[in-house]
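S.K.: Residue numbers (my numbering): 27 to 316. We put the CB at the ideal spot given by N, CA and C, even for glycine.
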Ligand code: NAD
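#1: Runs of 3 residues minimum, wholly inside the stretch 163-237: which ones carry the beta strand (DSSP E) assignment?
#2: Under a three-way DSSP split, which group does residue 91 fall into?
#3: With a Cβ-Cβ cutoff of 8 angstroms, do residue 107 and residue 134 count as a contact?
#4: Which of the three DSSP states, helix, strand or coil, is assigned to residue 80?
#5: With a 10 Å radius around its C-beta and 16 neighbouring C-beta atoms as the bar for buried, classify residue 138 as buried or exposed.
#6: Residue 274 lies in the alpha helix (DSSP H); which residues open and close that run?
#7: List the DSSP bridge partners of residue 24.
#8: When every heavy atom of ligand 1 is checked, does at least one fall within less than 7 angstroms of the C-beta of residue 59?
#9: With a CB to CB cut of under 8 angstroms and the five nearest residues on each side skipped, what residues in its chain are close to residue 34?
#10: Do the stretch 231-250 and the stretch 259-275 make contact, defined as three or more Cβ pairs closer than 8 angstroms?
#11: Is residue 55 near ligand 1, going by C-beta to nearest heavy atom under 7 angstroms?
#12: Inspect the beta-carbon positions of residue 89 and residue 31 and report whether they are closer than 8 angstroms.
#13: Could you check where the beta strand (DSSP E) with residue 132 kicks off and where it finishes?
#14: Restricting to Cα atoms, I'd like to know which of 249, 234, 71 and 196 is closest to residue 93.
#15: Any heavy atom of ligand 2 closer than 7 angstroms to the Cβ of residue 56?
#16: Quick check on residue 139: does DSSP put it in helix, strand or coil?
#17: Which residues does DSSP pair with residue 55 in a beta bridge?
#18: Specify, as a first and last residue, the run of the alpha helix (DSSP H) that residue 149 falls within.
#19: For the alpha helix (DSSP H) that residue 107 lies in, which residues bound it at each end?
#20: Ligand 1 and residue 196: does any heavy atom of the ligand fall closer than 7 angstroms to the residue's C-beta?
#21: Measure the alpha-carbon distance for residue 184 versus residue 40 and round it to whole angstroms.
#22: So what's residue 66 in DSSP terms, helix, strand or just coil?
#23: Mind checking whether residue 132 and residue 101 have CB atoms under 8 angstroms apart?
#24: What are the partner residues of residue 154, as DSSP defines its beta bridges?
#25: Would you give the residue range spanned by the alpha helix (DSSP H) that residue 40 belongs to?
#26: Classify residue 208: buried if its beta carbon has 16 or more other beta carbons within 10 angstroms, exposed otherwise.
#27: Under a three-way DSSP split, which group does residue 96 fall into?
#28: Which word fits residue 124, buried or exposed, when buried means at least 16 other C-beta atoms lie within 10 angstroms of its C-beta?
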């Protein structure tokens, strides 16, 4: 396939390289990041998008996605697919989807989980919103860049799935960390705490697969000085998106709101920026009751 790839940052560059290694012709553009080897460099976003079968975007936020879409849509071929893999507002995805529909371009929102490791290893999970026809057209690319893609329904539903998943993740990570900090103060050994909870009703991905306590459970960022992994500021971004969506949809999400507030304080007023999101444990560990 002829693929345009816009946004060659931490995630986009390795994804573009995997597509090129699989034999696709990939033309890339980024405002700042260099074009990785195997990807043909375009001078503008429009150049990268024009005449391609699929145009993939991997950008920081919804405002940038909308600006890039306005720029490149006039250059895209009728029948091509606009595949956005960024994490953005549900509304931004639906807005771009409508603009695509008006000009006969297919649109998929396909945010990912798996992080930079998943992008490099081609093991991402894609949560996809959009038509069956566009999903079928992009499926071979999901299979190269990832190990799993789930078609979640019409445009915007991929973003909906992503922010609901990450709201659960933020909440369970905070719950796991505050429980460890409480256990410490009660004199309960962390290994014993893990052995009980990981096989009892308090278990979760945060405890069992990504334990925030160093030296306990499987290898995780806690064992590497809380280097990300999944950075606290990215968790904050996703929690903000879930709260924005909850407001628009009139959904009551009190724990999501509390999780957002805690990560906001951690990232903006404490030393959380640049640490893994599981570094909530050393944060709670140092504190008494407010
Ligand atoms: P990044 O900041 O490393 O990359 C974004 C790239 O977009 C940058 O290189 C930037 O120069 C480029 N860019 C910005 N404006 C542009 C424009 N107008 N035209 C062309 N290029 C432009 O971010 P990332 O970590 O690669 O994340 C990308 C997206 O993936 C985000 O939406 C993020 O939330 C999501 N995501 C990231 C991770 C992760 O672990 N990094 C995990 C899951 C999802």
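M.R.: For this structure:
#1: 172-179
#2: For the purposes of this step, residue 91 is taken as the residue at position 65 of the chain shown. Residue 91: helix per DSSP, three-state reduction.
#3: Numbered from its first residue, the chain shown carries residue 107 at position 81. Numbered from its first residue, the chain shown carries residue 134 at position 108. Contact: yes.
#4: Counted from its first residue, the chain shown places residue 80 at position 54. Note: residue 80 maps to strand in three-state DSSP.
#5: Counting from 1 along the chain shown, the entry for residue 138 is found at position 112. Counting Cβ neighbours within 10 Å, residue 138 comes out buried, since at least 16 surround it.
#6: Here residue 274 corresponds to residue number 248 of the chain shown, with the count starting at 1. From DSSP, the alpha helix (DSSP H) with residue 274 extends over 258-275.
#7: In the structure as shown, the chain starts at 27 and stops at 316, and residue 24 therefore has no counterpart that could be examined.
#8: As a position in the chain shown, residue 59 is number 33, starting the count at 1. Yes, Cβ of residue 59 sits closer than 7 angstroms to a heavy atom of ligand 1.
#9: As a working note, residue 34 is residue 8 in the chain shown. Close CB contacts of residue 34 within its chain, under the 8 angstroms cut and outside five residues either way in sequence, are with 42, 54, 55, 56, 59, 60, 61, 62, 65 and 84 (chain order).
#10: no
#11: Here residue 55 refers to the residue found at position 29 when the chain shown is read from its first residue. Yes, Cβ of residue 55 sits closer than 7 angstroms to a heavy atom of ligand 1.
#12: Taking the chain shown and counting its residues from 1, one reaches residue 89 at position 63. Taking the chain shown and counting its residues from 1, one reaches residue 31 at position 5. Using a Cβ distance threshold of 8 angstroms, residue 89 and residue 31 do not count as a contacting pair.
#13: Residue mapping note: residue 132 aligns to position 106 of the chain shown, counting from 1. Start and end: 132-135.
#14: The residue you call residue 93 lines up with position 67 of the chain shown. Of the listed residues, the one whose Cα sits closest to residue 93 is 71.
#15: In the structure shown, ligand 2 is absent; the only ligands present are ligand 1.
#16: As a working note, residue 139 is residue 113 in the chain shown. Looking at residue 139 - three-state DSSP - the assignment turns out to be strand.
#17: Here residue 55 corresponds to residue number 29 of the chain shown, with the count starting at 1. Answer by DSSP bridge pairing, in chain order: 32.
#18: Looking up residue 149 in the chain shown gives position 123. Unbroken run through residue 149: none, as it is neither H nor E.
#19: In the chain shown, residue 107 corresponds to position 81, counting from 1. Here residue 107 belongs to no alpha helix (DSSP H); instead the beta strand (DSSP E) covers 107-110.
#20: Residue mapping note: residue 196 aligns to position 170 of the chain shown, counting from 1. For ligand 1, not one heavy atom lies less than 7 angstroms from the Cβ of residue 196.
#21: Position 158 of the chain shown holds residue 184. Position 14 of the chain shown holds residue 40. Approximately 21 angstroms, taken between the alpha carbons.
#22: Mapped onto the chain shown, residue 66 falls at position 40. Strand, per DSSP.
#23: On the chain shown, residue 132 is found 106 positions in, with the first residue counted as 1. On the chain shown, residue 101 is found 75 positions in, with the first residue counted as 1. Residue 101 is positioned such that its CB atom lies no closer than 8 angstroms to that of residue 132.
#24: For the purposes of this step, residue 154 is identified with residue 128 of the chain shown, where counting begins at 1. In the DSSP output, where bridge partners are listed per residue, residue 154 has 177.
#25: Position 14 of the chain shown, counting from 1, holds the residue named residue 40. Note, residue 40: alpha helix (DSSP H), 38-47.
#26: Sequence index remark: in the chain shown, residue 208 carries index 182 (1-based). Result: exposed.
#27: As a position in the chain shown, residue 96 is number 70, starting the count at 1. In this structure, residue 96 counts as helix in the three-state DSSP scheme.
#28: If you number the chain shown from 1, residue 124 lands on position 98. Classification of residue 124: exposed, given that the 10 Å Cβ count is below 16.
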